[in-house]
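Colleague:
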Amino acid sequence: MQFLKLPRLLMPHMRRIHLHSQPLPSESTYRIGGIDDAVALIHRMVDMHPLPSIVEFTKILGMIVKMKYYATAINLYTLMEYKGVVPFTVTFNILINCFCHMGRMDFAFSVMGKIIKWGCQPNVVTFTTLMKGLCVNDKMLDALHIYNEMVARRILFDDVLYGTLINGLCKSKMGNTRAAIQLLQKMEGQLVKPNLVMYNTIVHCLCKDGHINEARVLCSKMIVQGIFPDIFTFSSLIYGLCRAGQRKEVRSLLNGYCLNNRVDEARELFNLMIERGEQHDIIIYNILMNGYCLNNKVGEAKKLFHRMIERGEQPDIITYTILMHGYCLIDRVDEARKLFHGMIETGLVPDVWSYNILIKGYCKIERVDEAMNVLEHMFLTNLVPNIITYNSLVDGLCKSGGISDACKLVDEMHYCGQPPPDVTTYNILLESLCRIEHVDKAIAFFKHLIFERSFAPNVWSYNILISGCCKNRRLDEAMNLFNQMCFKNLVPDIVTYNILLDALCNGQQLDKAIALLKYQIVDQGISPNLRTYNILINGLHKSGRPKTARKISQYLFIRGYHPDVQTYLINELCKGYH
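Going left to right, the sequence shown walks through residues 73 to 650 as the numbering used here numbers them.
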């Protein structure tokens with residue numbers, strides 16, 4: 073096959089190509105209403121003495137090209153050259169662009185000879201424009217031939233040139249996506265690395281051609297390289313997955329967005345699916361509604377609920393439960409109750425989860441009597457409450473001041489056994505006793521549970537009691553509980569250590585706090601969190617030990633633990649103290 077070739081005269085200059093093109097001058101200084109104004113202005117300028125700068129001529133040519141009057145721009149360039157205007161590289165780039173848009177690649181290449189004749193040097197934009205012209209005119213073999221010639225001469229490309237070639241390969245009639253992937257792989261050893269746009273171009277073409285598994289592999293590869301998919305990447309993947317009938321994967325993608333607080337992007341993908349005419353089912357509606365509710369956008373979830381009905385989809389028990397949960401999260405439990413009754417009117421039968429949402433919602437706003445009424449309603453419908461039902465009620469009773477009623481309910485659960493109390497149930501009671509500063513009762517109850525009810529406490533159980541002791545300045549008892557916890561092979565977490573650090577700092581036992589940090593937190597591989605930092609650094613500063621605070625800061629920083637803004641400010645504010 074006969075390839076288009078770069079002029080021989082150009083080859084010695086190719087090694088001197090600049091990586092960055094000269095910027096096109098601003099056009100803000102001109103007020104041109106249309107093509108006639110632009111042409112008239114050029115005609116006036118070529119008759120001026122002295123001639124205006126080539127930069128000024130090039131600005132106007134650039135405007136004409138943006139208006140898509142390519143032939144006019146070429147004719148005006150010819151006039152400029154005839155009148156003695158000396159062009160520069162940007163002018164020639166515009167001329168090449170015009171010929172490319174007109175499909176005259178032979179003339180575009182002839183401009184390269186002019187560049188050398190006028191003593192100019194082509195830049196990356198010159199070659200990118202040529203490459204784009206070849207791609208647009210579906211001359212991919214010629215584009216690849218020129219690319220190979222340039223590579224052989226060790227010419228450095230920029231990301232625009234690579235992106236142009238990849239786009240051309242993917243969109244050509246040849247459909248050469250494989251060559252685009254190979255080009256992407258070649259880039260990995262170059263100074264210019266693949267970017268998101270390049271990956272998106274290839275992923276889109278793979279999905280369009282039905283190669284969904286290859287598209288997913290490529291997405292995994294880009295993530296490994298630190299390039300994270302965006303809305304366009306996932307839009308292509310969803311299109312490919314829908315075409316391949318892999319609806320489960322589509323739901324997983326949308327759910328991932330929703331659970332990561334990106335529900336607006338999930339909705340955008342959903343809207344794109346509708347525009348393409350792709351099937352969407354009740355599960356996808358439920359995923360989106362749940363995303364809105366988790367982000368406190370219940371109004372948007374309700375709109376989607378009505379839209380679903382308008383499009384002929386009938387809400388199921390999960391749809392109603394999601395929306396009820398959303399209302400309860402923002403304390404609009406009465407709205408949730410209305411939905412509950414509306415669900416029954418449609419013929420749907422509420423399940424345990426529907427009742428649990430209402431019970432938890434009422435308990436959260438301390439309307440425990442109504443929560444108990446919902447429980448009674450459950451019994452009337454022969455539904456058996458589960459442990460979550462009872463734990464919600466126990467928590468509600470404790471927080472509304474009815475701890476004795478909560479204890480009675482827990483005893484009833486223990487003796488009836490349907491369901492028996494679990495560790496969460498008992499932890500709720502322990503926490504409530506400590507909250508009202510009945511630490512002795514909490515410890516006595518804790519011991520009673522272990523000896524009388526074979527209670528197996530967890531880390532949370534000990535954290536509650538240790539915190540209760542520390543808040544009442546009973547540090548020795550807190551340390552005894554800590555040691556007991558370790559003896560039972562329960563591994564303290566950073567919450568445990570933060571409670572002890574706070575107590576030690578408040579009790580002016582700072583050396584013990586530092587020892588706890590170094591020898592029991594860091595040395596045992598437990599990662600300090602922001603609270604750890606703030607407790608210790610703040611405690612040291614308050615005790616007039618800013619130098620020690622800075623040393624601890626550096627000690628943690630060296631080990632990869634970084635402070636937050638609050639800690640940083642504490643350090644900076646205390647710099648002046650000695």
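By construction, the Cβ of each residue, glycine as well, lies at the ideal position given by its N, Cα and C atoms.
Note that the coordinates shown come from a computational prediction; the quantities given were computed from them, not determined experimentally.
#1: Would you decide whether MET152 is buried or exposed? Buried here means 16 or more other CB atoms lie within 10 Å of its CB.
#2: Which one of GLU438, LYS189 and ILE284 has the shortest CA to CA distance from THR161?
#3: So ASN327 is in the alpha helix (DSSP H); what residue range does that whole segment cover?
#4: So the candidates are GLU340, VAL296 and TYR534; which of them puts its Cα closest to the Cα of THR568?
#5: Looking at LEU263 and VAL275, is the spacing between their C-beta atoms short of 7 Å?
#6: Rounded to whole angstroms, what is the Cα-Cα separation between GLY648 and ILE630?
#7: Could you work out which residue in GLU372, GLY349 and GLU350 is closest to ASN358 when comparing CA atoms only?
#8: Just the C-alpha distance for VAL158 and LEU256, rounded to the nearest angstrom, thanks.
#9: Does the distance from the C-beta atom of PHE377 to that of LEU366 stay below 7 Å?
#10: Which of the three DSSP states, helix, strand or coil, is assigned to ASN463?
#11: Taking the Cβ atom as the reference point for each residue, do GLU321 and LEU331 lie within a distance shorter than 7 Å?
#12: Which of helix, strand or coil does DSSP assign to LEU96?
#13: Roughly how many angstroms separate the alpha carbons of GLN581 and LEU608, rounded to a whole number?
#14: Can you tell me whether LYS519 is buried or exposed? The criterion is at least 16 other CB atoms within 10 Å of its CB, across all chains shown.
#15: Using 10 angstroms around the beta-carbon of HIS413, count the other beta-carbons present and answer buried if the total reaches 16, otherwise exposed.
#16: Could you tell me which of TYR392, GLU549, ASN530 and ASP548 sits nearest to ASN43, measuring between CA atoms?
#17: Quick test of your reading: THR201 and ILE238, contact by CB under 8 Å. State the CB separation rounded to the nearest angstrom.
#18: Would you mind sorting ALA587 into buried or exposed? The rule is 16 or more other CB atoms within 10 Å of its CB.
#19: Taking only the alpha-carbon atoms, compute the straight-line gap between LYS155 and PRO122 and give it to the nearest angstrom.
#20: Roughly how many whole angstroms lie between the Cα atoms of THR180 and ILE146?
#21: Since THR198 and ASN165 are thought to touch, with beta carbons under 8 Å apart, how far apart are those beta carbons, to the nearest angstrom?
#22: Helix, strand or coil, according to DSSP, for ASN267 in the structure here?
#23: Suppose the cutoff is 8 Å on Cβ atoms and the five residues either side in sequence are ignored; what does the same chain contact list for ASP441 look like?
#24: Under the rule that 16 or more other beta-carbon atoms within 10 Å means buried, what is ALA112, buried or exposed?
#25: In three-state DSSP terms, what is TYR141?
#26: What residues in its chain sit with their C-beta under 7 Å from that of PHE527, if we drop five residues either side in the sequence?
#27: If you count every other CB in all the chains shown that lies within 10 Å of the CB of SER464, and 16 or more means buried, which is it?
#28: Looking at the secondary structure, which residues open and close the alpha helix (DSSP H) in which ASN578 lies?
#29: Are the beta-carbon atoms of CYS542 and ALA550 separated by less than 7 Å?
#30: Closest by CA to ALA215, which one among ILE253, MET203 and HIS352?
#31: With ALA514 as the anchor, note down where its alpha helix (DSSP H) starts and where it stops.
#32: Give me the Cα-Cα distance between ILE390 and PHE451, rounded to the nearest whole angstrom.
#33: Apart from the five residues just before and just after GLY235, which ones in its own chain have a Cβ nearer than 8 Å to its Cβ?
#34: Since ILE356 is in the alpha helix (DSSP H), which residue starts that stretch and which ends it?
#35: Quick check on the DSSP output: what are the complete alpha helix (DSSP H) runs of length 4 or more inside the stretch 415 to 472, in order along the chain?
Modeller: Once the coordinates are examined:
#1: Against the sequence shown, residue 152 aligns to sequence position 80. Buried, by the Cβ-count rule.
#2: Translated into positions along the sequence shown, residue 161 becomes position 89. Closest option to THR161, Cα to Cα, is LYS189.
#3: Here residue 327 corresponds to residue number 255 of the sequence shown, with the count starting at 1. Here the alpha helix (DSSP H) through ASN327 covers 319 to 331.
#4: The residue given as residue 568 occupies position 496 in the sequence shown. The shortest Cα separation from THR568 among GLU340, VAL296 and TYR534 belongs to TYR534.
#5: The residue labelled residue 275 in the question sits at position 203 within the sequence shown. The residue labelled residue 263 in the question sits at position 191 within the sequence shown. Contact: no.
#6: Position 576 of the sequence shown holds residue 648. Position 558 of the sequence shown holds residue 630. Summary for GLY648: the model assigns pLDDT 43, below 50, so the residue's position carries little reliability; its value from the coordinates is reported in the next sentence. Straight-line Cα distance between these residues: approximately 23 Å.
#7: Along the sequence shown, read from residue 1 onward, the residue named residue 358 stands at position 286. Among GLU372, GLY349 and GLU350, the Cα nearest to that of ASN358 is on GLU372.
#8: As a position in the sequence shown, residue 158 is number 86, starting the count at 1. As a position in the sequence shown, residue 256 is number 184, starting the count at 1. Their Cα atoms are separated by approximately 39 Å.
#9: Position 305 of the sequence shown, counting from 1, holds the residue named residue 377. Position 294 of the sequence shown, counting from 1, holds the residue named residue 366. No, Cβ-Cβ distance for PHE377 and LEU366 is not below 7 Å.
#10: Taking the sequence shown and counting its residues from 1, one reaches residue 463 at position 391. Reduced to three states, the DSSP call for ASN463 is helix.
#11: Position 249 of the sequence shown, counted from the first residue, corresponds to residue 321. Position 259 of the sequence shown, counted from the first residue, corresponds to residue 331. For GLU321 and LEU331, no; Cβs fall outside 7 Å.
#12: Sequence index remark: in the sequence shown, residue 96 carries index 24 (1-based). Since pLDDT at LEU96 reaches only 39, below the 50 mark, its modelled position is unreliable, and the value read off the structure follows with that caveat. It is coil, neither helix nor strand.
#13: Within the sequence shown, numbered from 1, the residue matching residue 581 stands at position 509. Within the sequence shown, numbered from 1, the residue matching residue 608 stands at position 536. C-alpha separation (whole angstroms): 11 Å.
#14: Locating residue 519 in the sequence shown gives position 447, counting from the first residue. When all chains shown are included, LYS519 counts as exposed.
#15: Taking the sequence shown and counting its residues from 1, one reaches residue 413 at position 341. Under this definition HIS413 is an exposed residue.
#16: The question about residue 43 has no answer, for the chain in this structure spans 73 to 650.
#17: Taking the sequence shown and counting its residues from 1, the one referred to as residue 201 is at position 129. Taking the sequence shown and counting its residues from 1, the one referred to as residue 238 is at position 166. With 8 Å as the limit, THR201 and ILE238 do not qualify as a contact, their Cβ atoms being about 16 Å apart.
#18: In the sequence shown, counting from the first residue as 1, residue 587 sits at position 515. By the 10 Å Cβ count, ALA587 comes out exposed.
#19: Position 83 of the sequence shown holds residue 155. Position 50 of the sequence shown holds residue 122. Going from the Cα of LYS155 to the Cα of PRO122 covers about 12 Å.
#20: Taking the sequence shown and counting its residues from 1, the one referred to as residue 180 is at position 108. Taking the sequence shown and counting its residues from 1, the one referred to as residue 146 is at position 74. Residue 180 is actually Ala in this sequence, not Thr. About 11 Å.
#21: Taking the sequence shown and counting its residues from 1, the one referred to as residue 198 is at position 126. Taking the sequence shown and counting its residues from 1, the one referred to as residue 165 is at position 93. Right, their Cβ atoms sit about 5 Å apart.
#22: Here residue 267 refers to the residue found at position 195 of the sequence shown. In the structure shown, ASN267 sits in coil (DSSP, three-state: anything other than H, G, I, E or B).
#23: Here residue 441 corresponds to residue number 369 of the sequence shown, with the count starting at 1. Apart from the 5 residues on each side of it in sequence, ASP441 has no Cβ closer than 8 Å to any other Cβ in its chain.
#24: By 1-based counting over the sequence shown, the position of residue 112 is 40. Its Cβ having fewer than 16 others within 10 Å, ALA112 is exposed.
#25: Taking the sequence shown and counting its residues from 1, one reaches residue 141 at position 69. If DSSP states are grouped into helix, strand and coil, TYR141 belongs with coil.
#26: For the purposes of this step, residue 527 is taken as the residue at position 455 of the sequence shown. The beta carbon of PHE527 is closer than 7 Å to those of TYR498 and LEU521 in its chain, skipping five residues each way along the sequence.
#27: By 1-based counting over the sequence shown, the position of residue 464 is 392. Answer is buried; the Cβ neighbour count reaches 16.
#28: Counting from one through the sequence shown, the residue named residue 578 turns up at place 506. Looking at the DSSP string, the run of the alpha helix (DSSP H) that includes ASN578 is 566 to 578.
#29: Here residue 542 refers to the residue found at position 470 when the sequence shown is read from its first residue. Here residue 550 refers to the residue found at position 478 when the sequence shown is read from its first residue. The Cβ atoms of CYS542 and ALA550 sit closer than 7 Å to each other.
#30: Residue mapping note: residue 215 aligns to position 143 of the sequence shown, counting from 1. Checking every option, the nearest Cα to that of ALA215 belongs to MET203.
#31: The sequence position of residue 514 within the sequence shown is 442, counting from 1. Run containing ALA514: 511 to 524, per the alpha helix (DSSP H) assignment.
#32: Locating residue 390 in the sequence shown gives position 318, where the first residue counts as 1. Locating residue 451 in the sequence shown gives position 379, where the first residue counts as 1. So the two alpha carbons sit approximately 21 Å from each other.
#33: As a working note, residue 235 is residue 163 in the sequence shown. These residues qualify, in order along the chain: ASN267, VAL269, MET270 and THR273.
#34: Within the sequence shown, the letter at position 284 stands for residue 356. Run containing ILE356: 354 to 366, per the alpha helix (DSSP H) assignment.
#35: Fully enclosed alpha helix (DSSP H) runs of 4 or longer: 424 to 436, 440 to 452 and 459 to 471.
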